[in-house]
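Residue numbers (the working numbering), protein chains in the order written: chain A, 20 to 350; chain B, 9 to 372. What follows is one structure encoded as structure tokens, with my remarks underneath.
Right, dumping it as structure tokens:
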């Protein structure tokens with residue numbers, strides 16, 4: 020690469036997502052964006068700002084606050100040959116469209132004996148950390164990962180924010196993209212892709228030899244920070260970013276645990292029935308004889324997410340919790 | 009926007025519920041079908057309508073036998089008594105139009121041209137079924153006929169239908185999407201969300217409410233605070249009519265007018281078709297919530313008898329012709345059952361096919 024001519028400007032996760040949407044709308048006239056406040060408002064989190072002016076109201080389409088109707092309309096439009104990108108404000112609101120997502124989007128291909136694929140992308144925010152209270156802060160992507168027939172993506176880096184969408188649109192089946200709200204302002208240098216994003220594989224974000232920190236989405240920065248702290252103590256932590264919760268890249272986890280013999284799973288959802296429980300169970304099933312310690316889990320406290328800052332912080336997995344869990348596994 | 013009322017309102021003595029909770033709006037006196045009829049008419053057309061209705065009726069009567077003999081299983085919701093709705097509406101649609109249906113969809117599927125053989129094989133759970141044996145009675149699909157189910161969640165097909173219509177609008181195709189649902193759907197948010205969205209965006213959507221007066225076992229008066237369904241649909245700013253759903257010709261005329269309006273770009277139209285299912289909600293249902301007298305009254309307006317009487321009066325049908333039609337339909341269904349009996353079962357090794365587009369074939 021000609022370093023002398025390449026300018027890597029700084030960008031944010033929000034801008035990376037917006038650029039991905041812009042590229043999708045530009046490159047395929049079957050693509051349109053639809054959701055609550057995506058047009059005139061510019062997106063509830065500012066992701067689609069400017070796209071209405073660029074592409075017009077047919078392709079950047081404000082919807083009523085009717086999650087079930089506009090998600091279902093996305094499914095129908097996908098069946099009829101378009102490539103809708105549907106935005107739901109938060110995962111909490113997506114529950115109002117759960118019937119459409121589970122009973123239609125995830126099910127139609129199978130129920131129809133393979134006749135009706137649903138090439139639909141649904142984007143939504145997830146997670147806490149911005150003092151938004153219980154009804155805007157939960158992490159329910161693990162519930163969606165329970166459902167056969169859909170793909171669940173959790174972009175945690177600028178590169179994934181920028182490039183996962185195109186791969187999601189190329190998938191003939193429904194893809195749900197969970198964007199952690201605390202990541203939107205994350206800023207850094209966005210490198211050009213060397214190859215198309217592969218949605219089937221997890222990524223090692225930091226190699227290590229003593230323990231595997233397995234995580235995704237909004238918890239990735241915390242796990243990386245924990246790995247820094249642990250490195251200062253002489254503990255080498257490998258950080259695995261799952262990236263895709265369904266289908267889950269078991270092989271990446273198994274290979275990492277075979278090297279490190281210990282694992283901490285970090286997941287912002289509640290511990291009970293969490294995605295961390297699934298990952299932990301799989302490590303037990305597939306890597307039991309590689310383990311030198313029980314699998315540790317760092318999850319949110321079993322409480323609806325509180326508003327007060329100190330309570331919210333206490334409820335969420337923090338870097339210190341990941342460090343402490345690592346000590347329990349290593350010591 | 010107009011709210012026209014049925015050709016036979018409840019004040020009409022011919023209506024089995026005459027005098028009971030008569031429609032009160034002024035517009036109730038107006039007729040849905042003013043002006044000359046459009047589309048095909050005449051004796052041949054009536055014969056086609058009759059044969060199409062008889063196909064559904066005889067098909068489902070055979071389903072009852074097969075269900076009792078444990079040849080077919082699952083929840084089976086029969087359409088007997090409502091045939092005029094499927095047939096009348098289908099007459100107004102082209103093959104390019106889309107249809108979204110409910111779990112009581114044998115009639116819609118057959119009306120849409122899915123063969124009795126493909127539907128029966130699906131009931132048998134065979135490979136040759138229209139959903140490859142994965143759907144059953146409640147989930148009939150045929151992409152080639154733009155037949156999108158087969159949706160067993162009450163009102164669950166409505167948003168999907170709006171999306172099909174939206175795609176046609178965005179692509180500037182002249183198609184109409186027709187969505188069938190029952191009166192029970194009025195209690196679901198999805199009906200209202202979809203009605204609002206469709207009217208707001210002027211989508212080419214035909215909303216067909218089969219008001220058979222019962223949401224499963226709960227009577228309309230016990231599940232809706234306001235039972236004037238067409239009036240409620242009209243409140244969203246769409247053209248809405250209530251029509252006698254036992255009169256296939258009236259249904260067809262109303263549907264044709266609605267479809268013409270939709271194709272002319274006037275947005276979604278709503279038809280409330282007042283009909284009745286002669287049998288219980290499903291094969292499991294002991295039907296304890298309806299009076300025998302009520303059922304008998306409605307049977308006196310059987311849509312098939314109604315059309316036959318009219319044809320006989322006009323000298324368009326005699327016993328010989330009827331026997332020929334019956335024989336054709338019987339042969340077709342006999343053949344469908346025989347074919348289903350002999351059709352191969354999907355190998356269990358194919359269990360995980362079609363979960364995703366790249367699904368493996370092996371059993372995990």
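Using N, Cα and C, we set each Cβ at its ideal position, and we do this for glycine too. Predicted model only: the values in this text are computed from it and were never measured.
- The alpha-carbon of residue 152 of chain B is positioned some 52 angstroms away from that of residue 309 of chain A.
- In this structure, residue 185 of chain B sits away from residue 163 of chain B, with a CB-CB distance that is not shorter than 8 angstroms.
- In the structure shown, residue 321 of chain A adopts coil according to DSSP, grouped into three states.
- Nearest CB-CB separation between residue 172 of chain A and chain B: not below the 8 angstroms threshold.
- Shown here, residue 210 of chain B sits in coil according to DSSP, grouped into three states, outside any helix or strand.
- Within the segment 88 to 118 of chain A, the residues whose Cβ lies closer than 9 angstroms to any Cβ of chain B are, in chain order, 88, 89, 90, 91, 92, 93, 94, 95, 96, 97, 98, 99, 100, 101, 103, 115, 116, 118.
- Residue 241 of chain A counts as buried, since at least 16 other C-beta atoms from the protein chains shown sit within 10 angstroms of its C-beta.
- Of all C-beta pairs linking the segment 216 to 229 of chain A to the segment 253 to 269 of chain A, three or more are shorter than 8 angstroms, placing the two stretches in contact.
- Distance from the CA of residue 209 of chain A to the CA of residue 183 of chain A, rounded to the nearest whole angstrom, comes to 14 angstroms.
- Under the three-state reduction of DSSP, residue 141 of chain A is assigned to strand.
- Each residue's CA atom was taken as its position, placing residue 294 of chain B and residue 166 of chain B some 29 angstroms apart.
- Counting C-beta atoms within 10 angstroms of its own C-beta, residue 189 of chain B has 16 or more neighbours from the protein chains shown and is therefore classed as buried.
- Under the three-state reduction of DSSP output, residue 89 of chain A falls in the helix class.
- Sequence-distant partners of residue 149 of chain B (beyond 5 residues in either direction) whose C-beta falls short of 8 angstroms from its own C-beta, in its chain, are 138, 139, 143, 155, 156, 157, 158.
- Secondary-structure assignment with DSSP links residue 222 of chain A through a beta bridge to A:260.
- When C-beta distances to chain A are compared with 8 angstroms, the residues of the segment 193 to 210 of chain B below that value are 197, 198, 201, 202, 204, 205, 208, in chain order.
- A Cβ-Cβ separation of about 15 angstroms leaves residue 33 of chain A out of contact with residue 52 of chain A under the 8 angstroms criterion.
- Cβ proximity to chain B below 7 angstroms picks out 119, 122, 123, 128, 129, 130, 131, 132, 133, 134, 135 from the segment 119 to 135 of chain A.
- Under the 10 Å beta carbon count, residue 356 of chain B is surrounded by fewer than 16 other beta carbons and is classified as exposed.
- A Cβ-Cβ contact shorter than 8 angstroms links residue 156 of chain A with residue 146 of chain A.
- Inclusion of residue 283 of chain B and residue 220 of chain B in the CB contact set at 8 angstroms is warranted, their separation being smaller than that value.
- Taking a C-beta distance under 8 angstroms as the contact criterion, residue 202 of chain A and residue 175 of chain A qualify as a contact pair.
- In the structure shown, residue 364 of chain B adopts coil according to DSSP, grouped into three states.
- Contact residues of the segment 350 to 367 of chain B toward chain A are 354, 360, 361, 362, 363, 364, 365, 366, 367 (C-beta to C-beta distance below 9 angstroms).
- Interface residue (Cβ-Cβ distance to chain A less than 8 angstroms): residue 262 of chain B is not classified as such.
- Taking the Cα of residue 56 of chain A as reference, the smallest distance to any Cα among A:96, A:266, A:86 is reached at A:86.
- Our two residues, residue 187 of chain A and residue 239 of chain B, have alpha carbons roughly 43 angstroms apart in a direct line.
- In the DSSP assignment, the residues bridged to residue 197 of chain A are A:143.
- Residue 177 of chain B is positioned such that its CB atom lies closer than 8 angstroms to that of residue 211 of chain B.
- Between the segment 246 to 257 of chain B and the segment 304 to 314 of chain B there are three or more C-beta pairs closer than 8 angstroms, enough to call the two in contact.
- Here residue 316 of chain A is near residue 295 of chain A, since their CB atoms are less than 8 angstroms apart.
- Around the beta carbon of residue 134 of chain A, 16 or more other beta carbons sit within 10 angstroms, so the residue counts as buried.
- Between the segment 286 to 302 of chain A and the segment 319 to 326 of chain A there are three or more inter-stretch CB-CB distances shorter than 8 angstroms, so the stretches are counted as touching.
- Shown here, residue 61 of chain B sits in a helix according to DSSP, grouped into three states.
- Here residue 304 of chain B is exposed: its Cβ has fewer than 16 other Cβ atoms, across all protein chains shown, within 10 Å.
- Chain order gives the chain A residues near residue 139 of chain B as 130, 131, 132, where near means a beta carbon separation below 7 angstroms.
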